[in-house]
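Asks:
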Amino acid sequence: MTEFLRLDGVLVVGAGLAGLSAALAAAPRRTLVLSPVPLGEGCASSWAQGGMAAALSADDSPELHAADTLAAGAGLCDPEAVDILTREGPAAVRALAALGAPFDRRPGGGFAQSLEAAHSRARVARVGGDGAGAAIMKAVIAEVRRSPHIEIREGARVTALIQDHGGRILGALAWLGGRLIEIRAAATVLATGGLGGLYAVTTNPAAARGEGLALAWRVGAEIVDPEFVQFHPTALDVGIDPAPLATEALRGEGARLVNVSGAPVVDHPLADLAPRDVVARAIAAEIARGGRVFLDAREAVGDAFPREFPAVFAACRAAGLDPRMQLMPVAPAAHYHMGGIAADAHGRTTLVGLFAVGEVASSGVHGANRLASNSLLEAAVFGRRAGEAAREEIADGGRALEAAAAPELPSETLAELRRRMTADAGVRRDAAGLSRLIDWIGGAERAHGPALPLVAARLVAEAALARRESRGGHFRADFPDVYEHPAHTRLVLAKKARAA
Ligand SMILES: Cc1cc2nc3c(=O)[nH]c(=O)nc-3n(C[C@H](O)[C@H](O)[C@H](O)COP(=O)(O)OP(=O)(O)OC[C@H]3O[C@@H](n4cnc5c(N)ncnc54)[C@H](O)[C@@H]3O)c2cc1C
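Written out as structure tokens, the structure is:
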């Protein structure tokens with residue numbers, strides 16, 4: 040039997056940086072945060088290594104940061120959203136520092152900042168080298184626990200949204216300790232993260248399976264550009280799931296990508312330091328030919344490895360590998376989802392009562408490709424904006440349509456879906472592979488019903504098939520050119536299909 044909880048306030052689904060930023064900003068309105076696991080665990084926010092990009096130094100400006108962001112987005116960013124992100128960025132980083140996030144400092148007290156790929160300035164505020172995400176989340180979680188307006192339910196996973204006849208969202212249906220609970224709220228904020236977990240090779244936590252995207256799609260919210268997935272070229276291919284990152288900084292230090300014969304893999308003037316998508320495609324092509332690709336850091340890093348790259352060293356050791364003396368096998372991994380639920384500058388979706396923030400949203404800041412370290416910033420800036428807007432929503436006593444829990448996917452079917460997503464909707468895509476994948480998803484839907492991972496995977500695959508060009512994170516081997524005029528994919532489930 041379904042239990043019932045009426046909350047005259049804000050329901051936040053997901054407890055990464057986006058969800059918790061929204062929850063804090065919703066004060067003093069009563070706010071309930073749902074997280075499938077204990078706070079701080081199982082979210083990409085805690086795993087972020089590099090840090091947060093923001094124009095914090097004298098030689099930088101929001102305009103320069105915006106220009107780099109727009110260039111990375113390959114014609115599909117929303118300039119107004121980028122303007123908000125880059126202008127409000129410095130204050131967002133300072134606010135996190137004020138909460139206690141221990142950003143690295145320069146001798147004079149200013150923020151120490153790293154230079155990352157495609158940034159024209161060193162603007163990534165970091166913590167202890169590669170520990171930004173965990174340290175920021177620790178500070179934010181402490182503030183959340185101190186906030187009297189916030190209640191947290193751990194072990195809660197949302198399986199459907201509740202809607203009235205007019206389309207307004209009235210709350211959510213969640214699994215909590217084996218029981219199904221119907222939660223009514225004035226505003227529902229989806230902050231469920233990305234969908235890398237739909238791929239066999241990913242850097243994302245297992246919970247990142249596009250469930251928020253699928254929940255919103257099923258009730259008729261607009262979805263934008265789901266085909267744009269960013270692949271990190273060098274995840275460690277050592278049988279660990281999710282795959283640990285072998286940071287770009289290793290190649291920056293001179294580590295080389297080689298095939299089994301020791302020959303270079305990337306054919307580009309910038310060689311192994313070419314743009315991420317170029318390197319990812321070169322590695323994927325070698326693997327598709329039946330080869331393997333390795334990162335050789337023996338000479339370039341050698342004995343300094345444990346000191347310079349402690350996180351990567353620990354991951355290698357866990358896999359029984361010593362990168363001071365051995366080659367590291369690498370493969371491209373699904374890393375970030377640029378597309379998502381259409382959301383305005385206050386996180387409002389196309390459905391009244393429903394907000395979306397962070398990686399699950401398409402706020403317009405990333406376009407077809409994300410600029411490195413812009414996503415934690417997006418989570419903080421737009422999370423705050425969404426929380427402030429959500430706290431103003433007035434509860435609606437409207438009659439709810441019946442909502443049913445989405446079917447679960449058997450684990451062997453999920454594993455097969457992940458293999459097929461990596462093979463057919465990965466770094467290199469073509470019509471034959473995408474059509475094969477869509478047919479398989481259709482069969483799995485007939486066998487298991489509209490399980491959320493299948494719904495999200497179908498959105499990616501169908502949009503990738505329809506986009507007959509190569510842009511940003513989306514590469515079509517059969518359509519390598521770009522359209523003359525950049526265009527978004529905009530998708531809404533037909534009302535008839537929703538009722539079915
Ligand atoms: C290894 C790694 C390194 C990265 N490094 C950086 C970096 O240096 N800088 C940067 O800017 N970005 C980085 N990113 C990307 C960045 O971490 C994410 O884009 C960002 O943290 C997303 O925040 P979020 O709050 O939207 O999602 P998340 O932090 O992933 O949180 C999502 C939450 O939703 C929950 N959830 C999911 N489904 C449900 C459901 N059905 N019901 C209830 N809850 C649900 C999850 O359990 C989780 O709590 C990195 C990502 C990875 C994986």
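Reading the sequence shown from the start, the letters are residues 40 to 539 in our numbering. Each residue gets a CB set at the ideal place from its N, CA and C atoms; glycine is no exception.
1. Does DSSP put His-104 in a helix, in a strand, or in coil?
2. If you drop the 5 nearest sequence neighbours on each side, which residues of the same chain put their C-beta closer than 6 Å to that of Phe-344?
3. Considering Asp-47, what are the terminal residues of the alpha helix (DSSP H) in which it resides?
4. Comparing C-alpha positions only, which one of Arg-223, Glu-182, Pro-187, Glu-455 sits nearest to Ile-201?
5. Taking 8 Å as the cut-off, does the stretch 411-422 touch the stretch 80-89 (at least 3 CB pairs, one atom from each stretch)?
6. If you count every other CB in all the chains shown that lies within 10 Å of the CB of Glu-431, and 16 or more means buried, which is it?
7. If I follow the unbroken alpha helix (DSSP H) through Ser-84, where does it start and stop?
8. One question on the structure: do Pro-525 and Gly-114 come within less than 8 Å of each other, judged by their Cβ atoms?
9. Compute every distance between the C-beta of Tyr-375 and the non-hydrogen atoms of ligand 1, then say whether any falls below 7 Å.
10. Go through its chain and collect everything with a Cβ distance to Ala-400's Cβ below 6 Å, but skip five positions before and after it.
11. Under the criterion of a Cβ to heavy atom distance below 7 Å, does Leu-44 qualify as lining ligand 1?
12. At which residues does the beta strand (DSSP E) containing His-374 begin and terminate?
13. Where DSSP assigns a beta bridge to Asn-298, which residues make up the other side?
14. Give me the Cα-Cα distance between Ala-443 and Ala-199, rounded to the nearest whole angstrom.
15. Could you give the first and the last residue of the continuous beta strand (DSSP E) run that contains Pro-67?
16. Quick check on His-307: does DSSP put it in helix, strand or coil?
17. Report the rounded CA-to-CA distance for Cys-116 versus Val-521, giving the unit in angstroms.
18. If we ignore side chains and look at the alpha-carbon of each, how far apart do Arg-458 and Ala-66 end up?
19. Output the distance between the C-alpha atoms of Leu-366 and Leu-215, rounded to the nearest integer angstrom.
20. Since I believe Leu-219 is in contact with Thr-41 (beta carbons under 8 Å), could you give me their beta-carbon distance rounded to a whole number of angstroms?
21. Considering only DSSP beta bridges, list what Ser-74 is partnered with.
22. Among Arg-515, His-188, Val-396, which has the Cα closest to the Cα of Gly-48?
23. So the beta strand (DSSP E) Gly-379 belongs to, where does it begin and stop?
24. For Met-91, write down the residues that DSSP places opposite it in a beta bridge.
25. Given 7 Å as the limit, tell me if Arg-457 has its C-beta closer than that to any heavy atom belonging to ligand 1.
26. Relative to the C-alpha of Ala-97, which residue among Leu-415, Ala-57, Gly-147 is closest?
27. Can you tell me where the alpha helix (DSSP H) with Arg-185 in it begins and where it stops?
28. Shortest alpha-carbon distance to Ser-402 belongs to which of Pro-77, Arg-290, Pro-265, Leu-71?
29. Below 7 Å, is the gap between the Cβ of Leu-334 and the nearest heavy atom of ligand 1?
30. Keeping to the same chain, check which residues put their C-beta closer than 7 Å to that of Gly-55; ignore five residues upstream and five downstream.
31. With a cut-off of 8 Å on the beta carbons, I'd call Leu-275 and Val-121 a contact; round off their distance for me.
32. So is the beta-carbon of Pro-129 under 7 Å away from any non-hydrogen atom of ligand 1?
33. Please report the straight-line C-alpha distance between Ala-354 and Pro-283, rounded to a whole angstrom.
34. Using beta-carbon positions only, say whether Phe-348 and Val-297 come within less than 8 Å of one another.
35. Run the proximity test for Thr-231: is its beta-carbon closer than 7 Å to any non-hydrogen atom belonging to ligand 1?
36. If you draw a straight line from the C-alpha of Leu-109 to the C-alpha of Ala-136, how long is it?
Replies: So, from the data block:
1. Here His-104 sits in helix by DSSP.
2. Excluding sequence neighbours, Phe-344 sits near Phe-352, Pro-362, Arg-363.
3. Asp-47 -> not in any alpha helix (DSSP H); beta strand (DSSP E) instead, spanning 42-52.
4. It is Arg-223.
5. With a cut-off of 8 Å, the stretch 411-422 and the stretch 80-89 count as touching, because enough Cβ pairs lie within range.
6. By the neighbour-count rule (16 or more Cβ atoms within 10 Å), Glu-431 is not buried but exposed.
7. Note, Ser-84: alpha helix (DSSP H), 83-86.
8. Between Pro-525 and Gly-114, the gap from beta carbon to beta carbon is short of 8 Å.
9. Checking the 7 Å criterion, the Cβ of Tyr-375 is within range of a heavy atom belonging to ligand 1.
10. Once the five neighbours on either side are set aside, the close Cβ partners of Ala-400 are Gly-379, Ile-380, Ala-382.
11. No, the beta carbon of Leu-44 sits no closer than 7 Å to any heavy atom of ligand 1.
12. Looking at the DSSP string, the run of the beta strand (DSSP E) that includes His-374 is 367-376.
13. Per DSSP, Val-332.
14. Straight-line Cα distance between these residues: approximately 7 Å.
15. Going by DSSP, Pro-67 is part of no beta strand (DSSP E) at all; its letter is neither H nor E.
16. Note: His-307 maps to coil in three-state DSSP.
17. Their backbone Cα atoms lie some 16 Å apart in a straight line.
18. The alpha-carbon atoms of Arg-458 and Ala-66 are separated by roughly 43 Å.
19. Roughly 45 Å separates the two Cα atoms.
20. Yes, Thr-41 and Leu-219 are in contact; Cβ-Cβ is about 5 Å, under 8 Å.
21. DSSP lists Glu-193 as the bridge partner or partners of Ser-74.
22. Nearest of Arg-515, His-188, Val-396 to Gly-48, Cα basis: His-188.
23. Judged by DSSP secondary structure, Gly-379 falls within the beta strand (DSSP E) whose first and last residues are 379-381.
24. Met-91 pairs with Ala-164.
25. Not so, every heavy atom of ligand 1 lies at least 7 Å from the Cβ.
26. With distances taken between Cα atoms, Ala-97 lies closest to Gly-147.
27. Run containing Arg-185: 171-185, per the alpha helix (DSSP H) assignment.
28. When each option's Cα is compared against that of Ser-402, the closest is Pro-265.
29. Checking the Cβ of Leu-334 against ligand 1 gives no.
30. Same-chain partners within the cutoff: Cys-82, Ala-83, Ser-84, Ala-230, Gly-232, Gly-397, Ala-418.
31. Taking the Cβ atoms as the reference, Leu-275 lies roughly 33 Å from Val-121, outside the contact range of under 8 Å.
32. The beta carbon of Pro-129 sits no closer than 7 Å to any heavy atom of ligand 1.
33. The alpha-carbon atoms of Ala-354 and Pro-283 are separated by roughly 7 Å.
34. No. Outside cutoff.
35. For Thr-231, the Cβ falls inside the 7 Å cut-off from some heavy atom of ligand 1.
36. Near 27 Å, if we compare the C-alpha coordinates of Ala-136 and Leu-109.
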